[in-house]
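Remarks on the structure that follows.
2 protein chains.
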Amino acid sequence: MCELMAMSANVPTDICFSFAGLMERGGRTGPHKDGWGVTFYEGKACRTFKDPLPSCESEIARLVKDYPIKSCSVIAHIRQANRGSVCLANTHPFVRPLWGRNWTFAHNGQLSNYQEVLQVSIHEPIGETDSELAFCWLLDQLKRQFSVQPDDMKSAFLYVASIAHTLKALGIFNMLLTDGIYTLAYCTNNLHWITRRAPFGKASLIDSDWVIDFQEETTEHDIVTIIATQPLTDNEQWHKMQEGEFALFHLGEKVETSGES
Amino acid sequence: MCELMAMSANVPTDICFSFAGLMERGGRTGPHKDGWGVTFYEGKACRTFKDPLPSCESEIARLVKDYPIKSCSVIAHIRQANRGSVCLANTHPFVRPLWGRNWTFAHNGQLSNYQEVLQVSIHEPIGETDSELAFCWLLDQLKRQFSVQPDDMKSAFLYVASIAHTLKALGIFNMLLTDGIYTLAYCTNNLHWITRRAPFGKASLIDSDWVIDFQEETTEHDIVTIIATQPLTDNEQWHKMQEGEFALFHLGEKVETSGES
């Protein structure tokens with residue numbers, strides 16, 4: 559399995575604190591040593607840092623941890639390989655263009671007997687993972703449903719949420735998907751989220767001894783949501799998502815959620 | 559204008575030496591201060607480091623310069639903005655998937671009156687540059703010419719070379735394009751290349767006082783081609799490309815070249 563993390567915020571925010579906690583699980587406090595990656599949005603563009611090395615040993619992870627890149631939308635992933643070898647092509651997140659936007663996807667879980675269901679023709683995978691194929695399949699479905707970009711991008715995300723059960727039927731499918739504005743979390747068994755807003759408090763990481771006082775780092779208007787497979791802090795209340803539930807965030811604010819679809 | 563660099567090699571090779579020379583031109587020995595980027599291939603996958611900051615001040619550029627990432631195919635770019643603002647979306651190289659491979663593109667020059675000629679429908683730009691639109695147009699033409707991936711990818715690159723004159727007719731179009739195996743260089747007025755092979759010698763950078771002895775860094779079977787807008791070393795013989803000329807490299811070896819098409 560793997561660990562996922564996303565941030566959705568209404569102001570460009572750095573993820574050094576949360577990323578530091580996640581990266582510890584990449585071979586030190588957790589077994590997820592088969593690569594890691596993180597995608598930061600700046601407007602419609604994004605940049606991805608990834609490495610097939612364990613995050614706790616990666617020079618590039620050290621840079622990302624120490625260098626505060628501010629973004630309203632981030633997706634990060636650390637991998638414990640099941641389908642597909644340990645190599646760059648199989649390292650999440652996966653980023654692909656659609657409708658003149660970058661879409662970024664990361665998956666926790668494992669699918670079985672999926673080749674027949676997940677037929678793709680428009681978006682072809684580069685690596686060998688079930689995850690990248692699932693992403694390509696979702697983009698193919700989106701492109702078929704909306705031949706041009708819908709006026710309201712929320713409808714595209716709600717469409718993805720409505721077809722995600724097809725992927726859940728193939729195994730464990732915890733997913734994060736963003737276009738830099740909206741972030742969709744879809745849960746099979748392993749996703750938590752928290753929205754931080756004023757009055758901000760202190761938070762302490764589970765995986766290291768870092769304690770942060772968000773009041774010193776934020777303004778009263780900031781709204782910052784973190785989504786992760788497992789809570790990253792031990793003194794805050796994280797919402798545990800239910801099987802088949804999705805949550806859609808728009809620049810930090812939850813705008814839609816559901817139970818089993 | 560901008561500066562371009564590519565490496566094509568038959569064994570994974572680091573580009574620290576050439577990259578160091580190029581990065582000096584990003585605000586120190588040259589005026590190309592409007593961002594930089596570099597894409598490294600590992601098999602069919604690639605990773606890109608980019609920054610809208612000047613390369614000579616960029617923390618990320620420092621990491622790439624000091625951390626030897628070995629690759630058979632690299633494209634790098636430093637930008638002096640003409641079309642499009644200074645932001646991540648307008649920062650080269652541009653990477654897009656086609657036929658289950660990553661294609662990477664960088665451009666030096668400037669096009670005029672191009673909107674009518676460069677109509678795209680399959681690949682839509684994310685940023686505002688003439689360069690990214692030219693890349694999307696080339697990929698659209700490729701997808702139209704070959705509905706599925708050709709058995710011999712060389713034919714795809716020769717097709718791109720054959721239609722590049724349409725872009726040259728719109729202005730200055732010096733281009734680098736790779737799928738990680740083949741690298742195509744197309745020249746309007748500003749491209750040079752050099753192939754290094756045994757017996758290797760010493761080389762000294764123009765833009766810094768770094769001298770390297772390639773004999774200490776290579777084996778006798780290594781073949782490494784560097785392509786750049788301007789020569790990076792001052793004690794070697796670089797081939798200057800002519801207007802309308804292309805050169806196609808396959809893992810370091812030149813496999814095809816032409817005069818004005």
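Taken in sequence, the protein lines are chains A and B. Numbered by this note's numbering, the letters in the first sequence go through residues 559 to 819 in order. Numbered by this note's numbering, the letters in the second sequence go through residues 559 to 819 in order. Beta carbons are placed, not taken as given, at the ideal position from N, Cα and C, and that holds for glycine.
With DSSP as the reference, identify every bridge partner of residue i, one or two as the case may be.
i, result
"A/Ala564", "A/Ile633 and A/Ile785"
"A/Val678", "In the DSSP output, where bridge partners are listed per residue, A/Val678 has none listed."
"B/Ser545", "Outside the shown range of chain B (559 to 819) lies residue 545 of chain B, about which nothing can therefore be said."
"B/Phe607", "B/Val596"
"A/His590", "Answer is none; A/His590 lacks a bridge partner."
"A/Arg754", "A/Val782"
"B/Trp653", "Just to set this straight, residue 653 of chain B is Val in the shown sequence, not Trp. The partner list for B/Val653 (beta bridge, DSSP) reads B/Thr662."
"A/Gly667", "A/Phe731"
"B/Glu811", "B/His808"
"A/Tyr744", "A/Met733 and A/Phe804"
"B/Ile770", "B/Ala761"
"A/Lys712", "None; A/Lys712 has no bridge partner."
"B/Lys602", "Answer by DSSP bridge pairing: none, since B/Lys602 is not bridged."
"B/Lys798", "B/His750"
In whole angstroms, what separates the C-alpha of residue i from that of residue j?
i, j, result
"A/Asp767", "A/Ala761", "11 Å"
"B/Ser907", "B/Glu774", "For residue 907 of chain B there is no data in the structure shown, the boundaries of chain B being 559 and 819."
"A/Ser629", "B/Val813", "43 Å"
"B/Val653", "B/Phe663", "7 Å"
"B/Ile764", "B/Glu811", "25 Å"
"B/Tyr672", "B/Arg641", "12 Å"
"A/Thr597", "A/Thr606", "4 Å"
"A/Ser720", "B/Phe772", "57 Å"
"A/Trp796", "B/Val569", "48 Å"
"A/Met820", "A/Asn666", "This structure gives no information on residue 820 of chain A, because the portion of chain A shown stretches from 559 to 819."
"A/Lys591", "B/Leu669", "46 Å"
"B/Glu686", "B/Trp661", "19 Å"
"B/Leu696", "B/Glu690", "10 Å"
"B/Arg754", "B/Val782", "5 Å"
"B/Val632", "A/Ile680", "27 Å"
"A/Leu735", "B/Phe731", "36 Å"
"A/Leu562", "A/Leu749", "8 Å"
"B/Cys574", "B/His650", "19 Å"
"B/Ile770", "B/Glu803", "30 Å"
"A/Ala567", "A/Gly738", "10 Å"
"B/Asp710", "B/Cys604", "21 Å"
"B/Ser759", "A/Leu621", "One point to set straight first is that residue 759 of chain B is Gly, not Ser, in the sequence displayed. Going from the Cα of B/Gly759 to the Cα of A/Leu621 covers about 34 Å."
"B/Gln788", "B/Lys798", "9 Å"
"B/Asp688", "A/Gly729", "44 Å"
Determine whether the Cβ of residue i lies closer than 9 Å to any Cβ atom of chain C.
i, result
"B/Glu615", "The question asks about chain C, but that chain is absent: this structure's protein chains are A and B."
Listing by chain order, which chain A residues have their CB less than 7 Å from the CB of residue i?
i, result
"B/Leu691", "The premise fails here: B/Leu691 is roughly 11 Å from chain A at the closest Cβ pair, so nothing lies under 7 Å."
"B/Arg659", "Ile684"
"B/Pro651", "Near B/Pro651 there are no residues of chain A at all, since even the closest Cβ is about 12 Å away, more than 7 Å."
"B/Ala634", "Correct list: empty, because the minimum Cβ distance to chain A is about 15 Å."
Starting from the C-beta of residue i, find all residues in its chain whose C-beta is less than 6 Å away, skip the five residues before and the five after it, and write them out in chain order.
i, result
"B/Met778", "For the record, residue 778 of chain B in the displayed sequence is Glu; it is not Met. Excluding positions up to five away in sequence, the list reads Ala756."
"B/Ala722", "Tyr744"
"B/Phe693", "Phe652 and Phe663"
"B/Asn793", "Ser762"
"B/Ser616", "Asp609"
"A/Ile785", "Ala564, Ala743 and Trp751"
"B/Asp780", "Val569"
"A/Gln638", "Met559, Cys560, Pro589, His590 and Asp592"
"A/Ala647", "Ile684 and Gly685"
"A/Ser613", "Met581, Gly584, Trp594, Ala619 and Ile636"
If you measure from the CB of residue i, is any heavy atom of the ligand FMN nearer than 8 Å?
i, result
"B/Asp572", "Among the components of this structure there are no ligands whatsoever, and the ligand FMN is therefore not found."
Using the beta-carbon of each residue, which ones in chain A are nearer than 8 Å to residue i?
i, result
"B/Asn568", "Here the premise fails: no neighbours, minimum Cβ distance about 19 Å."
"B/Leu716", "Within 8 Å Cβ-Cβ: nothing; B/Leu716 doesn't reach chain A, min ~22 Å."
"B/Ile618", "Leu621 and Tyr625"
"B/Arg702", "Residues of chain A passing the Cβ test: none, with the nearest at roughly 15 Å."
For residue i, which residues in the same chain have their Cβ closer than 8 Å to its Cβ, ignoring the five residues on either side in sequence?
i, result
"B/Leu716", "Leu806 and Glu814"
"B/Lys712", "Tyr740, Leu806, His808, Val813 and Glu814"
"A/Gly658", "Lys602 and Gln707"
Looking only at its chain, what residues have a beta carbon closer than 7 Å to the beta carbon of residue i, apart from the 5 residues adjacent to it on each side?
i, result
"B/Glu600", "Ser629"
"B/Leu700", "Leu656, Ala714, Tyr717 and Val718"
"A/Asp572", "Pro626, Ile627 and Lys628"
"B/Asp698", "Val678, Ser679, Ile680 and His681"
For residue i, go through chain B and note every residue whose CB falls closer than 9 Å to its CB, in chain order.
i, result
"A/Glu600", "Pro610, Cys645, Leu646 and Ala647"
"A/Arg637", "Correct list: empty, because the minimum Cβ distance to chain B is about 13 Å."
Which chain B residues sit within Cβ distance under 8 Å of residue i?
i, result
"A/Arg654", "Pro655"
Taking Cβ-Cβ distances shorter than 9 Å, what residues in chain A pair up with residue i?
i, result
"B/Ala578", "Going along chain A, no residue has its Cβ under 9 Å from B/Ala578, so there is no contact; the nearest lies around 17 Å."
(request) May I ask you to verify whether the region 584 to 594 of chain A touches the region 576 to 593 of chain B, counting CB pairs closer than 8 Å and requiring at least 3? (result) no
(request) Count the C-beta pairs between the region 699 to 710 of chain B and the region 606 to 626 of chain B that are closer than 8 Å, then say yes if the count reaches three, no if not. (result) no
(message) Assess contact between the region 718 to 733 of chain A and the region 666 to 680 of chain A, defined as three or more Cβ pairs (one per stretch) separated by less than 8 Å. Is contact present?
(response) yes
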